[in-house]
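Only one structure is covered here, and it is reproduced in the block below.
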Amino acid sequence: MQPQHIYRVQWTEEAARIRDSIEGDRKRYLLEGVELLAADPFHEQSRAMNASGTLRKAIVTDGILAEYDVVAEVAVIIFIELFDSMSALRPADPA
7 MQPQHIYRVQ WTEEAARIRD SIEGDRKRYL LEGVELLAAD PFHEQSRAMN
57 ASGTLRKAIV TDGILAEYDV VAEVAVIIFI ELFDSMSALR PADPA
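The numbering used here numbers the first residue of the sequence shown as 7 and each following residue consecutively.
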């Protein structure tokens, strides 16, 4: 069995600033999700944002969306968007 190819991950300054502002488990979950993207940047749970399919977005963990571009052997994290369910137009009802 051949070893799985892992894409190198690079972060834009803006994405790195957002990543660095996150703390605790949420940051760990973000980094784990990005590791999964590095292993498969075209994962079925990701979505293409351009015709060639290289500019993509994926929810990497609960409440965190990553936009990234796959260029050669590199997955460039362009932008990280944080979501809080309470900021939704119609928040979910508490259980």
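Glycine included, C-beta positions come from ideal geometry on N, C-alpha and C.
Bounds of the beta strand (DSSP E) holding Ile84 are Val80 to Leu88. Excluding the 5 residues flanking it on each side, Ile65 has same chain C-beta neighbours closer than 7 Å at Leu71, in chain order. In the DSSP assignment, Asp31 falls within the alpha helix (DSSP H) that extends over Gly30 to Ala45. Between Ile24 and Ile86, the C-beta spacing is below 8 Å. Going by beta carbons, Leu36 and Thr67 fall inside the 8 Å limit. Residue pairing by DSSP puts Tyr74 in a beta bridge opposite Arg62 and Ile83. Going by DSSP, Gln16 is part of the beta strand (DSSP E) stretching over Arg14 to Trp17. With a 10 Å radius around the Cβ and a threshold of 16 neighbouring Cβ atoms, Ser58 comes out exposed.
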